[in-house]
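Peer 1: Each number in the UniProt record's numbering comes from the position in the sequence shown (counting from 1) with 14 added on.
The C-beta atom is built at its ideal place from N, Cα and C for all residues, glycine as well.
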Amino acid sequence: LGIFANLPGVIALATASQKGGVGKTTVCINLGHALARRGWNTLLIDTDPQGGIGLSLSRNTRKKRGFYDFLMAGGNVRPYILPTRLPEFSILPCGVPDAFLKAGRVDDAPQKIQDLLRQCDILGYDVVLMDTAAGLTGITEVAVRTADWVLIPQQAEPLAVRSVPLLLETLARFRSEGSQVRVAGILLTMLLASHEASLKVARELREMLPASFLFNQAIPRDPLFLEASAHGLPLGLLRKNPPATALLFDQLAADIEERTGLNTRKDQLQSH
Ligand code: ADP
Ligand code: MG
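1. Which residues does DSSP pair with F103 in a beta bridge?
2. Just to be sure I understand the criterion: a residue counts if its Cβ is closer than 5 angstroms to at least one heavy atom of the ligand MG. Which residues meet that?
3. Per DSSP, V197 is paired with what?
4. How many angstroms separate the CA atom of T151 from the CA atom of L130?
5. Classify G34: buried if its beta carbon has 16 or more other beta carbons within 10 angstroms, exposed otherwise.
6. Among S104, L165 and L57, which has the Cα closest to the Cα of F227?
7. For L262, I'd like the list of residues in its chain whose CB is within less than 6 angstroms of its CB, leaving aside the five on either flank, ordered along the chain.
8. Let me check you understand the geometry: is the CB of S177 closer than 8 angstroms to at least one non-hydrogen atom of the ligand ADP?
9. Across the stretch 198 to 213 and the stretch 167 to 185, are there enough close Cβ pairs to call them in contact, namely three or more that are closer than 8 angstroms?
10. By DSSP's criteria, L205 is part of a beta bridge. Which residues make up the other side?
11. Pick from E221, K254, L249 and I270: whose alpha carbon is nearest that of H47?
12. May I ask you to verify whether the stretch 133 to 141 touches the stretch 89 to 102, counting CB pairs closer than 8 angstroms and requiring at least 3?
13. What number of angstroms, rounded off, separates the C-alpha of I153 from the C-alpha of G80?
14. Report the residue from L85, G89, T98 and P124 whose alpha carbon sits nearest the alpha carbon of A113.
15. Spatial neighbours of V41 within its chain, please: C-beta separation below 6 angstroms, excluding the five flanking residues on both sides.
16. Between the C-alpha atoms of R119 and Y82, what's the straight-line distance to the nearest angstrom?
17. For a test of the three-state rule: what should DSSP assign to L223, helix, strand or coil?
18. Grouping DSSP H, G and I as helix and E and B as strand, with all else coil, what is A26?
19. Considering just the uninterrupted stretch of the alpha helix (DSSP H) at V175, what are its terminal residues?
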């Protein structure tokens with residue numbers, strides 16, 4: 015026991031954004047796949063009742079139980095976890111949110127999500143990605159407050175310059191209220207490098223925020239995402255040779271390993 019005592023447990027990373035349609039689910043699927051490709055045992059949890067993860071990565075998950083069934087009933091989460099094509103990459107679909115939506119809330123949601131993360135730790139996951147619904151209320155708020163890290167996908171559009179500081183203020187409030195969550199980074203998505211207005215947003219955010227807040231990588235607007243989601247695949251599995259945008263997620267995964275300390279865990283494991 016002693017030699018592993020200082021190893022960190024599973025790292026929980028949640029997405030957050032005020033708006034829908036900014037690329038949260040797409041980032042989770044492709045980042046999860048990239049982390050798994052790099053050898054991390056990764057679980058992607060869909061906390062959005064709309065259930066985009068199950069629909070995107072696995073067939074016939076509509077009636078399968080998942081996150082919301084666990085949230086209502088607790089118990090062992092393992093039977094709800096589904097495999098993907100990659101052995102290191104598993105998903106916990108949103109399940110059947112009907113009972114939750116009818117009740118409107120779950121009083122012990124924070125304890126349930128903490129228990130869920132503990133179970134993931136025991137099951138041997140290195141990373142848990144929690145995909146969330148838009149806004150920072152309800153279950154999304156609980157998931158973000160419970161996470162170690164938050165990743166903020168942000169569309170490269172002019173409104174970002176106003177919405178990012180507001181989101182950061184909300185996260186600072188969570189911390190002042192006892193949450194340990196830290197900002198892993200802001201990820202620009204749907205960047206149109208050919209359009210000055212899109213590039214200008216990237217520049218303005220870089221000037222406005224502390225240097226390390228924006229990830230170096232920005233995800234371009236790429237029609238291949240549409241094709242990938244139609245096939246239920248991460249971009250990296252769409253073609254025999256992964257498209258350039260898929261390689262960006264590998265760089266993003268490497269960056270996240272460093273920012274969250276996952277990479278030091280690898281060093282520690284190797285040194286024993
Ligand atoms: P969210 O989870 O924030 O609601 P999604 O990841 O579901 O957003 O993305 C919304 C839509 O935009 C989806 O149809 C998705 O395929 C598409 N999309 C996401 N990211 C990109 C991108 N970088 N380029 C082009 N289309 C994208
Ligand atoms: Mg989504």
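Peer 2: Reading it off the structure:
1. Paired residue(s): T56.
2. K38, T39 and G66
3. V164
4. 19 angstroms
5. exposed
6. L165
7. Q231
8. no
9. yes
10. P234
11. The shortest Cα separation from H47 among E221, K254, L249 and I270 belongs to L249.
12. yes
13. 14 angstroms
14. L85
15. P167.
16. So the two alpha carbons sit approximately 11 angstroms from each other.
17. coil
18. strand
19. A174 to S190
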